[in-house]
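Trainee: Following this message is one structure expressed as structure tokens.
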Amino acid sequence: MQNGSLTACRPWKLYFQNTDNDSKSCLAVGQSHLACLCWSLGNATAADMALVEQGDSAPPENCHRLVILGSAKVGKTAIVSRFLANKFDENYTPTIEDFHRKIYRIRGAPYRLDILDTSGNHPFPAMRRLSFITGDLFILVYSIDSRESFEEAIRLREQILECKGHCAGLKSQKTLDIPMVIVGNKADKESERVVEASEVTKQIEGQHGCAFVESSAKKSVNVDEVFLRLFEIAKLPSEMSPSMHRRVQPTYIGSTSGNNQRKGMSIRRKMSDACGTVAPNVRRPSIRTDLLVAQTRTGRTKTSPDGARESKCLIQ
Ligand SMILES: Nc1nc2c(ncn2[C@@H]2O[C@H](COP(=O)(O)OP(=O)(O)OP(=O)(O)O)[C@@H](O)[C@H]2O)c(=O)[nH]1
Ligand SMILES: [Mg+2]
Numbered sequence: 000m001q002n003g004s005l006t007a008c009r010p011w012k013l014y015f016q017n018t019d020n021d022s023k024s025c026l027a028v029g030q031s032h033l034a035c036l037c038w039s040l041g042n043a044t045a046a047d048m049a050l051v052e053q054g055d056s057a058p059p060e061n062c063h064r065l066v067i068l069g070s071a072k073v074g075k076t077a078i079v080s081r082f083l084a085n086k087f088d089e090n091y092t093p094t095i096e097d098f099h100r101k102i103y104r105i106r107g108a109p110y111r112l113d114i115l116d117t118s119g120n121h122p123f124p125a126m127r128r129l130s131f132i133t134g135d136l137f138i139l140v141y142s143i144d145s146r147e148s149f150e151e152a153i154r155l156r157e158q159i160l161e162c163k164g165h166c167a168g169l170k171s172q173k174t175l176d177i178p179m180v181i182v183g184n185k186a187d188k189e190s191e192r193v194v195e196a197s198e199v200t201k202q203i204e205g206q207h208g209c210a211f212v213e214s215s216a217k218k219s220v221n222v223d224e225v226f227l228r229l230f231e232i233a234k235l236p237s238e239m240s241p242s243m244h245r246r247v248q249p250t251y252i253g254s255t256s257g258n259n260q261r262k263g264m265s266i267r268r269k270m271s272d273a274c275g276t277v278a279p280n281v282r283r284p285s286i287r288t289d290l291l292v293a294q295t296r297t298g299r300t301k302t303s304p305d306g307a308r309e310s311k312c313l314i315q
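Here numbering that gives the first Met the number 0 is used: position 297 in the sequence shown is 296, and no number is missing along the way.
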């Protein structure tokens, strides 16, 4: 296995080198930071674990990374929390970066959805840039009572397209089709609204792969719609949305005794055989892994004049 280290952490630039040099301190910072990102669900059932194991074997084409971005306090974490656990917390805890994984079995096939919940304060700009490169699907959140947050969401969209275009070697962003949903959250604060829905619709008119939804994570309004629209644009199974699959129960996997569990479920869910669970104790893939993904996507691996392979990955 090659030795690797992160070398520079100045804004918008991260370097990965195949050397054991003095850059270890930077890597150590990354690791201690990531140690805080481990997320635990606690009471995982045997059935959950069976599904999680199946999810680990999901083929690459069924594995996707969703990145959620936006200004601080707009409700990114609240939206993720509604999606994963149908919970809402009135208290605000700033996010550094959280990583979640949801595993599904849909029509017999395993799927994996990784969710990266980012910080609105973006303390590490290079990490944000890395999330643009490694993300497959994006949710850009603003709050309907904050014009600055809306402007930031639009800026983020442009930065993602620019970054993805650069990776793909495209001169124009127009041909890019990156699945994205712009979300106007806190729709329950109608009396404080400063961004009109019509304005956003106009802004994204004619833009491929981009949808707009207003939601309220607090009142649980339209959060499901956000994910449904995103999965639809990305051509992923609609069953990945919480309203379209069952959360697995201990007796469900490998048995036919699921009927009792179906009581009280919506007809849509009853009709579906899809099931899903949040994987417990998932650690965020290392920055090194992300950098290798970025390296592949940006095609930045070079061969030096003496023929040696340079693994320098420039995130800029
Ligand atoms: N009224 C209302 N409040 C909300 C809604 N969604 C989130 N909040 C509240 O807004 C505050 C910020 O929510 P978070 O989800 O933590 O915001 P965030 O975007 O993740 O913030 P950072 O992690 O700092 O980037 C919290 O106090 C939430 O309870 C909503 O739909 N309506
Ligand atoms: Mg947050």
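The beta carbon of each residue, even a glycine, is placed where N, CA and C say it ideally should be.
(1) Using only alpha-carbon positions, find the residue among R127, L136, T276 and K72 that is nearest to I286.
(2) Mark N20 as exposed unless 16 or more other C-beta atoms lie within 10 angstroms of its C-beta, in which case mark it buried.
(3) Is N90 buried or exposed, if buried means 16 or more other CB atoms sit within 10 Å of its CB?
(4) For M179, which residues does DSSP report across the bridge?
(5) Taking C-beta to C-beta, are I153 and V225 nearer than 8 Å?
(6) Where in the segment 42-114 do unbroken runs of the alpha helix (DSSP H), each at least 4 residues long, occur, reported from the N-terminal end onward?
(7) Compute the Euclidean distance between the alpha carbons of R100 and G183, then round it to the nearest angstrom.
(8) Kindly indicate which three-state DSSP category R146 falls into: helix, strand or coil?
(9) According to DSSP, what are the bridge partners of C320?
(10) May I have the straight-line CA-CA distance separating D135 from H63, to the nearest angstrom?
(11) Starting from S197, trace the alpha helix (DSSP H) in both directions and tell me its first and last residue.
(12) From the DSSP output, read off the bridge partner residues of S118.
(13) Report buried or exposed for E96, applying the criterion of at least 16 other Cβ atoms within 10 angstroms of its Cβ.
(14) Measuring only the C-alpha atoms, how far is R246 from M179?
(15) With DSSP as the reference, label S215 as helix, strand or coil.
(16) Rounded to the nearest angstrom, how far is the Cβ of G119 from that of S80, given a contact under 8 Å?
(17) Taking only three categories from DSSP, how would you classify V193?
(18) Nearest to E361 by alpha carbon, out of T76, P109, N85 and I203?
(19) Leaving aside the five residues before and after D144 along the sequence, list all residues of the same chain whose C-beta is less than 7 Å from its C-beta, in chain order.
(20) Around the Cβ of S316, are there at least 16 other Cβ atoms within 10 angstroms (buried) or fewer (exposed)?
(21) With distances taken Cα to Cα, identify the nearest neighbour of A57 among I203, L83 and Y103.
(22) If contacts are defined as beta-carbon pairs under 8 Å, then I232 and G208 qualify, I think. What distance do you get, rounded to the angstrom?
(23) Name the two residues that bound the continuous alpha helix (DSSP H) containing E231.
(24) Using only alpha-carbon positions, find the residue among S197, S130 and L68 that is nearest to D333.
(25) From K163 to D272, what does the alpha carbon distance come to, in whole angstroms?
(26) Please check the pair V222 and F82, which I expect to be a contact at CB under 8 Å, by giving their CB distance rounded to whole angstroms.
(27) So E195 and I105 are in contact, right, with Cβ under 8 Å, and what is the actual spacing, rounded?
(28) Quick one: does the C-beta of Y276 sit closer than 7 Å to a heavy atom of ligand 2?
(29) Find out if the Cβ-Cβ distance for the pair T133, A278 is shorter than 8 Å.
(30) Tell me whether the beta-carbon of L160 lies closer than 8 Å to the beta-carbon of I177.
(31) When every heavy atom of ligand 2 is checked, does at least one fall within less than 7 Å of the C-beta of T76?
Mentor: In brief:
(1) R127
(2) In this prediction, N20 has a pLDDT of 38, which is less than 50 and means its spatial position is unreliable; what the coordinates show is noted afterwards. By the neighbour-count rule (16 or more Cβ atoms within 10 Å), N20 is not buried but exposed.
(3) exposed
(4) Under the DSSP definition of a beta bridge, M179 partners with F137 and C209.
(5) no
(6) 45-55 and 75-84
(7) 24 Å
(8) Helix at R146.
(9) Since the first residue shown for the chain is 0 and the last is 315, residue 320 is missing from the structure and cannot be characterised.
(10) So the alpha carbons of these two residues sit roughly 6 Å apart.
(11) A196 to I203
(12) S118 pairs with nothing; no bridge assigned.
(13) Buried, by the Cβ-count rule.
(14) 26 Å
(15) strand
(16) Contact flag wrong, Cβ pair sits at about 15 Å.
(17) coil
(18) In the structure displayed, the chain extends from 0 to 315; residue 361 sits before or after that span and is not available.
(19) K185, K188, E191, R192 and V193
(20) The requested residue 316 does not occur in the structure, where the chain is confined to residues 0 to 315.
(21) Cα-wise, what sits closest to A57 is Y103.
(22) I232 to G208, Cβ: 6 Å. Contact.
(23) V222 to I232
(24) Examination of residue 333 is not possible in this model, given that the chain is present from 0 through 315 alone.
(25) Straight-line Cα distance between these residues: approximately 35 Å.
(26) 6 Å
(27) Actually they do not touch by this definition, with Cβ atoms about 37 Å apart.
(28) Looking at the sequence provided, one finds Thr at residue 276 rather than Tyr. No, since every heavy atom of ligand 2 falls outside the 7 Å radius drawn around the Cβ of T276.
(29) no
(30) yes
(31) yes
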